[in-house]
Structure formats: structure tokens, C-alpha cells
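Input: a single structure, listed below in C-alpha cells.
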Amino acid sequence: MKNYLMLASASLLFIAACDQQTAQTDRAEASSSTSELPKDAWLADFAAMQRLDELAEDAENAEKHAEAGAYYEQALILSDRIPSPTGIVYGPSAAVGYMKAGRPDDALRLLEAAAERGWLYANSIEAADEFEPLRSHDRFASVIAKMRENEDAFYQSHRDAGKAKLIFEDVARFWDAYDLAAEEKSKRKKAAIFRKHYLAPGTPGLIDYHRIKTNSMEELVERLDNSAGYYDGIRERTLQASQFEDRIREGLSRIVELYPAASVPDVTFVIGRLNSGGTAGPTGMLIGLDVWSWEEGVPLDGISEGFQKVVKNLDLDALPFIVVHEHIHALQQYSGEPSVLLVALQEGSADFLAGLALPESDKPHYYKWGMAREEMIWRRFSEEMDTDNISNWSGNNGLVEDENWYADLGYFVGARICEAYYEQAEDKRQAIEDLLFISDPAAILEASGYAARFRG
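Per the working numbering: the sequence shown ends with 470, consecutive numbering throughout.
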């Protein structure tokens, strides 16, 4: 269920109100002992929160659900001291653990705690099978009502793409820490420098990204040491990313025009350890510029052959398209059994709608390969689309060794299905909404008429 909460509904964790931080700040300031500590003392709480997360996952795997719930609850409590809403995810996770342990009162208490902290998207909580026994409970109804209030408040404050926060300040901070760390030989001291000068003064989005992707400054330093030439080579490009701000806002504004119910989350641009070009968390969208900034001549030392293919296929000029693609994920609310078709539609609709928003943008690299082999790709896709094995279709960039195949073709097929669905629809606005809220992927495929192109 933890994975369901974090992944199955793409928008569940991909956006969250920055207003969440207000309640957390109030709770932190209520403690005089906390207010007397140095500003970076929260780093210790963050490390403890990470360890509790690990313990909770181990308990889950051992089916010790009460223990998992307790670990997640303690992680949530510690998160109140952290200057980012990133730890709000532990509230619903704890509630799931308690439900599985047969402790519904504790589950309700944790859902209430999550709602108090600003948790959004009541629909996903309401629809989760684990919470089915709570649906007739008055307290559960109150929780859902509070979450809907949070959702509405976020929507009202994030309607204007022109006012969306596009946050680049962590990038310069990274390079300041990078220069300071270059004077040290000890990896331990280098990691401490990045903690003090990059993470500690970082934005809520950077902290969010650190929890989700970077994990530790020791791991970041190891990557920097192994790929020093790469990072030296991308420095100037990463510092130029803000030049795309107007184009990004244009794309986000166009999405609101296409789908007036859309809200616009904040976007934080960071430097990581070459393991994520884009993700999302409670602070909004999170973009790893280190993955997008390679150009011809930049050394690829220390990078696996597979990931070298990844960075060579990506270009910083595509940044506006990528941000809009991730924004679509923030709006999506998909449900149903996991399948290749569902994943293809989820990724493909993000590509297709980003293309509608930014029609002058170049299509992703897999399109050229896919368009020249579309029928062959469809034949193979149709044989695998009802399975849950996505290894041939998504997340395989840099892993494909067969010269007769290409990475991320699920995106390509999904986008082509979505395009066909949109073209046949008389009500284009309704078609866009249909593609954002898919519960029956087979029905979308059938209505699109895409499969019929290859019959006979």
C-alpha cells in the first residue's frame, strides 16, 4: 500500500501545498528547546527520519505491520522539525501499517495528522482498499473533508502559471559547496561540506529531492569523485537553466488553458548524483539538472555505459517540455490494475499533452525510431500490454542491448494511442480530462481506434 500511495496515483505525491510548511513551522516554534538550536540542527532529525523509514520498510517486508506503523509515525513526528513538508508522506504510510495490524483507531489518528499537516488528494485515500473498513466512520468523513479543504486551498493559490515558483537557487549553492569540497581530500569532510553549504540552507524542494533521490551526501560525494570531469563539464549549462523560465511558464499556462481545472505546482531545480532527471514530492516538481546538461565534449568518466546512453539522449533545451511532462503527471489520477498498457498511457499522455502545450518543441528521441517501425512495435506491444512486466517499455533507457529495439517505447505507443483518442473525440476538452483520469485503459485504447490501424 505504501507503493500505491506514492506511485499509483501520480498526482498524490507529485504536488503539495507549500502552505503545509506553515503548520509545521508553528509546531516547531512551539518548542523553546528547538528554537534555541542552531538552524542546521534539523539535519540530525532528518537522518533519524531516514533510519526510521528504513526500519519501517524492513518491518513491512517481514509483515510486522504494527511496527511499521509505529516507525512511520515517529518519522512523521520528526519531520515537523524539518524545513520542508517532505515527511508528510509518513502519515498515510503509518495509517496503512496500523490498518493491516488491525488498529483502525490509530490509522484514523494518523490520517487526521496527515490532514492537519496539509495532505492533499482525498480521492486516493478514500479509494484505497486498506481504508475500506473506515469509510462509514464519522472521523474518516471528517478526514476526507479536511483533505478536500487542503486541496481547494492549494488549487486557489496555484492557479496562475505566471506566479508559479520556479526555484533555481539551489544550483548556485551546489557549485559553491563543490568548490569548497574540492579543497578537501577526505570523503567524510567533503560530505560534511555539502551538508552544511548545500543541504542545510537548501530550499524545501532540495530537501524533498534529497529524501527521495540523493539519500546521503556520502553517496553524492562518491558520484562526484568518480565523475569529476562530467560535473566540471556541465557546470556552465546548469547555471544557464533559468533562461528557460519564460518558456516553461508558457507551457504551464497552456496546460491551464487546455484543462482549466489544472493547478500549477512549484518547480525546484537541483543538482544530484546522476540518478534522476525528474521526480516529484510534497513540495512539487523536482528536476535534476545534472542529468540534462551533458553536451558534446563533456567527459563521461565513471558513468556506466548504459547511463552514458541516457545522458547523450537528453538535452537541456528540452527542459520546458520535461517540466510540462512532469506537470501532467502531477495532474493525473490513474487507477486500476498495473499493466504495460496503463503505464504506457500514463507516460504517453504526459508526452502527448506536453506536445499540445509546446507544439514547437522537438519530440523525444524515441519518436523518430518509433515512427519508422510503428507496426512492428504495436505487434509486440499488443502481446505484452496486459502483463505487468514493463521492462521492455519503460525505465529501460540505457539497458537495451538489442539493436532491433529501443528504450522507452511505451512512451511512444502510449502517446500515439492518446493522440488517436484525442483526434477522434468531438469534445477535445473532455478528451483531455479523460486522458488525465484513466481507470479503464482498455476502454481508452478501444475508443481511440489505434489498434484498428494494424488489422487486416
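We treat Cβ as the ideally placed atom computed from N, Cα and C, and that holds for glycine.
- prompt: If we ignore side chains and look at the alpha-carbon of each, how far apart do Pro334 and Gly265 end up?
  reply: Going by the C-alpha atoms only, they are around 7 Å apart.
message: List, from N- to C-terminal side, the alpha helix (DSSP H) runs of 4 residues or more that fit wholly inside the segment 411 to 437.
response: Those alpha helix (DSSP H) runs which fall completely within the segment 411 to 437 and span 4+ residues do not exist here.
message: Between the alpha carbons of Glu144 and Ala61, how many angstroms are there, rounded?
response: The straight-line gap from Cα to Cα measures roughly 29 Å.
query: Taking the alpha-carbon positions, what's the Glu140 to Leu148 distance?
result: Answer to the nearest angstrom: the Cα atoms are 9 Å apart.
query: With 16 other CB atoms within 10 Å as the buried threshold, where does Pro373 fall?
result: By the 16-neighbour rule on beta-carbons within 10 angstroms, Pro373 is exposed.
field: Phe468, DSSP secondary structure in three states
entry: Phe468 falls in the helix class under three-state DSSP.
query: Can you tell which of Asp365, Pro313, Glu417 and Met399 has the C-alpha that lies nearest to the C-alpha of Trp383?
result: Nearest option by C-alpha distance: Glu417.
- prompt: When you compare each of Ala196, Lys227, Arg187 and Glu197 to Leu213 by their alpha carbons, which one comes out closest?
  reply: The shortest Cα separation from Leu213 among Ala196, Lys227, Arg187 and Glu197 belongs to Arg187.
task: Please look up how many angstroms separate the CB atoms of Gly111 and Ala80, rounded, as I've assumed it's under 8 Å.
output: Between Gly111 and Ala80 the beta-carbon gap is near 7 Å, inside 8 Å, which marks them as a contact.
task: Report the three-state DSSP secondary structure of Val278 (helix, strand or coil).
output: In this structure, Val278 counts as coil in the three-state DSSP scheme.
query: Any idea if Gln170 is buried or exposed, counting beta-carbon neighbours within 10 angstroms, 16 or more meaning buried?
result: Gln170 sits exposed, since fewer than 16 C-beta atoms from the chains shown fall within 10 Å of its C-beta.
task: Since I believe Val325 is in contact with Gly302 (beta carbons under 8 Å), could you give me their beta-carbon distance rounded to a whole number of angstroms?
output: Contact doesn't hold; Cβ gap of about 11 Å is too wide.
task: Could you tell me whether the segment 440 to 447 touches the segment 336 to 344, using the rule of 3 or more Cβ pairs below 8 Å?
output: Between the segment 440 to 447 and the segment 336 to 344, the count of C-beta pairs closer than 8 Å stays below three; the two stretches do not touch.
task: Output the distance between the C-alpha atoms of Met399 and Arg237, rounded to the nearest integer angstrom.
output: Roughly 36 Å separates the two Cα atoms.
message: When you compare the CB of Asp365 with every CB in chain D, is at least one pair closer than 8 Å?
response: Included in the structure is just one protein chain, with no chain D present.
- prompt: How big is the Cα-Cα spacing for Glu4 and Asp402?
  reply: The requested residue 4 is not part of the displayed model; the chain covers only 15 to 470.
message: Please classify Gly424 as buried or exposed, where buried requires at least 16 neighbouring CB atoms within 10 angstroms.
response: By the neighbour-count rule (16 or more Cβ atoms within 10 Å), Gly424 is buried.
CB-CB length for Leu125 against Ala109, believed under 8 Å: Beta-carbon to beta-carbon, Leu125 and Ala109 are separated by about 5 Å, close enough to satisfy the 8 Å threshold.
- prompt: So, is Ala294 buried or exposed, given that buried needs 16 or more other C-beta atoms within 10 angstroms?
  reply: Answer is buried; the Cβ neighbour count reaches 16.
- prompt: Say the cut is 7 Å; is the CB of Arg95 nearer than that to a heavy atom of the ligand NAD?
  reply: As presented, the structure is devoid of all ligands, the ligand NAD included, so that no description of it is given.
- request: Count the C-beta pairs between the segment 384 to 397 and the segment 447 to 458 that are closer than 8 Å, then say yes if the count reaches three, no if not.
  value: Fewer than three pairs of CB atoms, one per stretch, sit closer than 8 Å, so the segment 384 to 397 makes no contact with the segment 447 to 458.
- prompt: Is the beta carbon of Gly219 less than 8 Å from the beta carbon of Leu345?
  reply: In this structure, Leu345 does not lie closer than 8 Å to Gly219 by Cβ.
query: For Leu356, which beta-bridge partners are listed by DSSP?
result: Per DSSP, none; premise fails for Leu356.
- prompt: Excluding sequence positions up to five away, which residues of its chain have a Cβ less than 8 Å from the Cβ of Leu234?
  reply: Listed in chain order, the non-local C-beta contacts of Leu234 below 8 Å within the same chain comprise Ala205, Phe208, Thr228, Gly286 and Arg287, local neighbours out to five positions each way being set aside.
- prompt: What is the residue span of the alpha helix (DSSP H) that Gly219 lies within?
  reply: Pro218 to Tyr223 is the extent of the alpha helix (DSSP H) around Gly219.
message: Bridge partners for Thr293 per DSSP, in chain order?
response: DSSP output for Thr293 lists Leu300 as bridge partner(s).
Classification of Pro106 by the beta-carbon crowding that lies within 10 angstroms, buried from 16 upward: That one is buried.
field: Proximity to Gln438 [Cα-Cα], best of Glu183, Ile91, Ala55 and Leu459
entry: Among Glu183, Ile91, Ala55 and Leu459, the Cα nearest to that of Gln438 is on Leu459.
query: Ordered along the chain, which non-local residues of its own chain (more than five positions away) have a Cβ less than 7 Å from that of Glu259?
result: Annotation for Glu259: Leu180 place their beta carbon closer than 7 Å to its own, counting only its chain and skipping 5 residues before and after.
task: State the DSSP-derived secondary structure class of Phe283, mapped to helix, strand or coil.
output: Residue state, collapsed to three classes: strand.
- prompt: What is the C-beta distance between Asp282 and Asp184, in whole angstroms, given that I count them as a contact (C-beta under 8 Å)?
  reply: One point to set straight first is that residue 282 is Thr, not Asp, in the sequence displayed. That pair is a contact at about 7 Å.
Own chain partners of Ser462 with C-beta closer than 7 Å, once the 5 adjacent residues on each side are dropped: Short of 7 Å from the beta carbon of Ser462, and not among the five residues preceding or following it, lie these beta carbons of its own chain, in chain order: Ile431, Ala434, Tyr435 and Gln438.
- prompt: In chain order, what residues of the same chain have a beta carbon less than 6 Å from the beta carbon of Ala195, not counting five sequence neighbours either side?
  reply: So the list reads Lys204 and Ile207, once near-sequence residues are dropped.
query: Which whole runs of the alpha helix (DSSP H) in the segment 180 to 258 are 4 residues long or more, in chain order?
result: For the segment 180 to 258, whole alpha helix (DSSP H) runs of length 4 or above, ordered along the chain, are 183 to 195, 201 to 208, 218 to 223, 231 to 240 and 242 to 253.
message: Within 10 Å of its beta-carbon, does Asn75 have 16 or more other beta-carbons around it, so buried, or fewer, so exposed?
response: Exposure of Asn75 is indicated by the presence of fewer than 16 other C-beta atoms within 10 angstroms of its C-beta.
- prompt: Going by other Cβ atoms of all chains shown within 10 Å of its Cβ, with 16 needed for buried, is Ala457 buried or exposed?
  reply: By the 10 Å Cβ count, Ala457 comes out exposed.
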